[in-house]
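Numbering (this note's numbering), first residue to last: 10 to 251.
Note that CB positions come from ideal geometry on N, CA and C, so glycine has one too.
Since the model is a prediction, treat every value here as computed from it, not as a measurement.
Contents: one structure, followed by commentary.
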Amino acid sequence: MPSGQSASLLWRGGSLLVVLVALYTYIRIPSTSIPTPNLSDISTATVYTLPPLPYAYDALEPQISNQIMELHHSKHHQTYVTNLNKAIKDGGTNKSLMKFNGGGHINHSLFWKNLAPAGSAETSGVAGSKLKAVIKHKWGSQEAFETAFSAALLGIQGSGWGWLVKKANGELEIVTTKDQDPITGATPIVGVDMWEHAYYLQYLNGKAAYVENIWKIINWKVAEERFLSESQDEFKELKAMF
Ligand SMILES: [Fe+2]
10 MPSGQSASLL
20 WRGGSLLVVL
30 VALYTYIRIP
40 STSIPTPNLS
50 DISTATVYTL
60 PPLPYAYDAL
70 EPQISNQIME
80 LHHSKHHQTY
90 VTNLNKAIKD
100 GGTNKSLMKF
110 NGGGHINHSL
120 FWKNLAPAGS
130 AETSGVAGSK
140 LKAVIKHKWG
150 SQEAFETAFS
160 AALLGIQGSG
170 WGWLVKKANG
180 ELEIVTTKDQ
190 DPITGATPIV
200 GVDMWEHAYY
210 LQYLNGKAAY
220 VENIWKIINW
230 KVAEERFLSE
240 SQDEFKELKA
250 MF
C-alpha cells in the first residue's frame with residue numbers, strides 16, 4: 010500500500026475514534042450531571058418558622074396570663090418548630106418525631122389564631138353568625154354546644170386537644186386528639202389546647218376554670234372563615250411527611 014494511502018486510512022480511523030468518543034461523552038453527560046431528585050433532598054430544603062402571635066402576650070389577660078402566653082409561644086411552640094426542622098434535616102425518617110413535632114407546630118399555629126381578646130369584635134356574640142346558626146341547628150343552642158365541647162375537653166385523659174371540626178360531608182362535630190396528633194380528614198374550626206402547659210401556671214389544677222374562661226376568648230370570626238373556606242389544608246404538605 011502506498012505510504013500516502015495508509016496515512017489517509019490512519020487519519021480516517023483516528024477521526025472515527027474521535028467521533029465515537031464525542032458521541033459516547035454526549036450520551037453519558039445527561040445521566041451523570043443531572044442529579045435525580047429524591048424526597049430527602051426536597052425535605053431538607055423545608056424549614057419551618059415560629060409564626061408571630063396576632064396579638065400581644067398580655068392581650069388575652071385575664072383569661073390567659075402574659076406569662077403563660079410568652080412561655081407557651083416562645084418556648085413550647087418554638088421547641089416543636091426546632092425539633093421538627095431537626096427531624097426533617099435528619100431525613101424525615103423518624104415518623105414518630107415528625108408527627109409529634111409537626112403536629113405540635115400545626116396545632117399551636119391554629120390555636121393562636123382562634124383566640125382573641127375578650128370584649129373584642131371577634132369574640133362578641135354576633136361574630137361568626139353564619140357558623141353559630143349551624144351550631145344552633147345541630148346542638149340546639151350556643152350554650153348547649155359550649156357545654157358539650159367543655160365536657161369533651163374535661164374528659165381528655167392526659168395531654169391532648171379538643172376540636173370543633175367540619176367533616177368531609179360538611180357536618181360539624183366535636184372531637185378530641187391525643188398528644189400532638191393533628192386533625193386529619195376534616196377541617197379544624199376551633200382548637201383548644203388541654204396540655205397542662207396551657208393553663209397550669211395560672212389555674213393550677215383548676216382545669217374547669219380554664220375551660221370556662223376559654224369561651225370568652227374564642228375568635229368566632231376566624232372560626233367562621235375556616236368553616237366557610239373551601240381552600241386546601243395549609244398544612245397538607247407537612248402532614249404528608251408524617
Ligand atoms: Fe400547647
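query	result
In whole angstroms, give me the CA-to-CA distance for LEU163 and VAL220.	8 angstroms
Using DSSP's beta-bridge definition, name the partner residues of ALA195.	LYS176
Kindly list the residues whose CB is nearer than 7 angstroms to the CB of ASN103, restricted to its own chain and excluding five residues on each side of it in sequence; keep chain order.	ALA96
Could you spell out where the beta strand (DSSP E) holding THR185 opens and where it closes?	181-187
When the Cα atoms are used, what is the spatial distance from LYS145 to PHE154?	8 angstroms
What is the DSSP secondary structure of TRP204, counted as helix, strand or coil?	coil
Counting along the chain, where does the alpha helix (DSSP H) carrying GLN211 start and finish?	209-212
Roughly how many whole angstroms lie between the Cα atoms of THR91 and GLY149?	43 angstroms
In this structure, how does DSSP classify GLY113 when only helix, strand and coil are distinguished?	helix
Could you check if ASN228 is buried or exposed, using at least 16 other CB atoms within 10 Å of its CB as the buried criterion?	buried
For ALA232, is the classification buried or exposed, using 16 other Cβ atoms within 10 angstroms of its Cβ as the cut-off for buried?	buried
What number of angstroms, rounded off, separates the C-alpha of PHE158 from the C-alpha of THR185?	10 angstroms
Quick one: does the C-beta of HIS114 sit closer than 8 angstroms to a heavy atom of ligand 1?	no
For chain C, check one thing: does any of its Cβ atoms lie closer than 9 angstroms to the Cβ of SER83?	Considering every chain present, this structure includes no chain C. It has just one protein chain.
Report, in whole angstroms, the separation of the C-beta atoms of TYR89 and GLY113, which I expect to be a contact under 8 angstroms.	3 angstroms
Apart from the five residues on each side of it in sequence, which residues of its chain come closer than 6 angstroms, Cβ to Cβ, to ILE77?	LEU210 and GLN211
How long is the line joining the alpha carbons of PRO71 and GLY101, rounded to whole angstroms?	40 angstroms
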